[in-house]
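Trainee: In this note's numbering, each residue's number is its place in the sequence shown (first place is 1) plus 528.
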Amino acid sequence: MNGSEQSQLSPEELSRLLHAAVDPVRPSPEAYQRIRAGVERRGRFRIPLLAAGGAVLAGLVVLTVLLMRPSPSSQVVEPASRLSLTPGTAAQSDPSVGTSGTGTTPRGSSTPDPSQSATLPVLTPPVNPMSTRPTTPSSTGPDENSPTRPPLTGGRPAIAGDVDGDGKADTVRLAGATVEVALSRGETATVTLRDGATATKWAGFDLDGDGFSELVVQTGSSGGVNQFAVLRFMALDQISELDDTAAQPVTTGTISTGSTTTGTGFSCSASGIQLVVGTSTDGGANYDVTTTTIAATMDGLTKVGTPLRSTLPAASATPSFAARCGSWSS
529 MNGSEQSQLS
539 PEELSRLLHA
549 AVDPVRPSPE
559 AYQRIRAGVE
569 RRGRFRIPLL
579 AAGGAVLAGL
589 VVLTVLLMRP
599 SPSSQVVEPA
609 SRLSLTPGTA
619 AQSDPSVGTS
629 GTGTTPRGSS
639 TPDPSQSATL
649 PVLTPPVNPM
659 STRPTTPSST
669 GPDENSPTRP
679 PLTGGRPAIA
689 GDVDGDGKAD
699 TVRLAGATVE
709 VALSRGETAT
719 VTLRDGATAT
729 KWAGFDLDGD
739 GFSELVVQTG
749 SSGGVNQFAV
759 LRFMALDQIS
769 ELDDTAAQPV
779 TTGTISTGST
789 TTGTGFSCSA
799 SGIQLVVGTS
809 TDGGANYDVT
819 TTTIAATMDG
829 LTKVGTPLRS
839 TLPAASATPS
849 FAARCGSWSS
């Protein structure tokens, strides 16, 4: 109704109309129950909606992370080629080794990189001709070669008297305390024995199986006992007398003191010199024999291992009281 219509209503009529409009919204228990039921109904739908919204948000986050990650490369990566030590060749990497975005590359399925087939620089280790010796099928024993020795061209062990290791026997001359070796390579090596020594005979034997023959030289004799020295080839113009670092001299012979008889001797082998010392206290019927091995090294005559002891009758013991080292020359 407009303003003119309201002005035409009587006060009673206006009051009646106002009461009719206000009465329906007056508070009552029924109205309260309707309001509470509406609130509970809306609450039951709110929790599932919130959970669904959280799940959607989490899915969006995961999708965003996946989209932002870089895609895996499908390019095959091979290890770098190894340098070859053989002149004129270049080692290639194993085609079965590689990685890609889909897993391990099957053998032979990778495409070779043209840059890998290029010739690589060849690395050749330096070779010192004075310290390298070729080996032969007959090589046995340790290599005790000095860096100053010439290359070995003979076999192992060396033949008797092959001092310089070229497969040929060399010429040995004895002159008082001097031992001279004319090498088949063309050089001459000389050594002067210790004071009071006189070289009377010699034998050549490779005492360590390295392809160079040592010289065993008798240097004197006294009271039925013969003394010997061991000479070793050091360089083309040098041979040296080895020191007796084992403190067991190389001797042969038999001496008696009262009822005790002592005999000494030695034998040569590719593993050294076997020194034999036998002692008898029953008039020479039986001997307590001790056998000791000494090695001919650059440092001198060195004891090796543990001595062997046994008791032998004279018939078995006395033959070892001699110099058993091949053929002897004077």
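We put the beta carbon where it would ideally sit given N, CA and C, even for glycine.
Pick helix, strand or coil for Gln776, following the three-state DSSP scheme.
Mentor: Coil at Gln776, not helix or strand.
Trainee: Measuring only the C-alpha atoms, how far is Val593 from Val567?
Mentor: Approximately 39 Å, taken between the alpha carbons.
Trainee: Quick check on the burial criterion: 16 or more other C-beta atoms within 10 angstroms. Buried or exposed for Gln561?
Mentor: Flag for Gln561 reads exposed.
Trainee: Which residue wins for smallest C-alpha separation from Thr830, given the options Leu546, Ser857, Thr718 and Val758?
Mentor: Out of Leu546, Ser857, Thr718 and Val758, Val758 has the C-alpha closest to the C-alpha of Thr830.
Trainee: Leu577: buried (16+ other C-beta within 10 angstroms of its C-beta) or exposed?
Mentor: Exposed, by the Cβ-count rule.
Trainee: Between which residues of its own chain and Gly793 is the CB-CB distance below 6 Å, once the five residues before and five after are set aside?
Mentor: So the qualifying residues of the chain are Thr780, Val804, Ser848, Phe849 and Ala850.
Trainee: What are the residues that DSSP puts in a beta bridge with Gly865?
Mentor: Only positions 529 to 858 of the chain appear in this structure, which leaves residue 865 out of reach.
Trainee: By the three-class DSSP mapping on this structure, what secondary structure does Val817 have?
Mentor: Val817: strand per DSSP, three-state reduction.
Trainee: Taking the alpha-carbon positions, what's the Glu540 to Ala565 distance?
Mentor: Answer to the nearest angstrom: the Cα atoms are 38 Å apart.
Trainee: Alpha carbon to alpha carbon, how far is Trp730 from Ala824? Give it in angstroms, no decimals.
Mentor: Going by the C-alpha atoms only, they are around 16 Å apart.
Trainee: Could you tell me how far apart the beta carbons of Asp816 and Gly806 are, in whole angstroms, since I believe they sit closer than 8 Å?
Mentor: Asp816 to Gly806, Cβ: 7 Å. Contact.
Trainee: Can you grab the Cα-Cα spacing for the pair Val691 / Thr820, in whole Å?
Mentor: Straight-line Cα distance between these residues: approximately 25 Å.
Trainee: Can you tell which of Leu588, Phe761 and Ala686 has its C-alpha closest to the C-alpha of Asp738?
Mentor: The shortest Cα separation from Asp738 among Leu588, Phe761 and Ala686 belongs to Ala686.
Trainee: Measuring straight from C-alpha to C-alpha, what distance separates Ser768 and Ala842?
Mentor: Those two C-alpha atoms are separated by around 37 Å.
Trainee: Please work out which residues of its chain come closer than 6 Å, Cβ to Cβ, to Thr790, disregarding the five sequence neighbours upstream and downstream, and give them in chain order.
Mentor: Excluding positions up to five away in sequence, the list reads Ile783 and Thr807.
Trainee: Quick check: Gln766 and Ala717, are their CB atoms within less than 8 Å of each other?
Mentor: Going by C-beta atoms, Gln766 is nearer than 8 Å to Ala717.
Trainee: Could you give the distance in angstroms between the alpha-carbon of Thr706 and the alpha-carbon of Asp827?
Mentor: Those two C-alpha atoms are separated by around 22 Å.
Trainee: For Pro841, list the residues DSSP reports as bridge partners.
Mentor: Asn814.
Trainee: Enumerate in chain order the residues of its own chain whose CB-to-CB distance from Ser543 is below 7 Å, with the five nearest sequence positions on each side excluded.
Mentor: Here the set comprises nothing.
Trainee: Out of curiosity, what's the CA-to-CA distance linking Phe761 and Ser749?
Mentor: Straight-line Cα distance between these residues: approximately 25 Å.
Trainee: If you count every other CB in all the chains shown that lies within 10 Å of the CB of Leu585, and 16 or more means buried, which is it?
Mentor: Classification of Leu585: exposed, given that the 10 Å Cβ count is below 16.
Trainee: Since Ala697 and Ala703 are thought to touch, with beta carbons under 8 Å apart, how far apart are those beta carbons, to the nearest angstrom?
Mentor: Not really, about 19 Å apart at Cβ, beyond 8 Å.
Trainee: Mind checking Leu591: buried by the 16 CB within 10 Å criterion, or exposed?
Mentor: Result: exposed.
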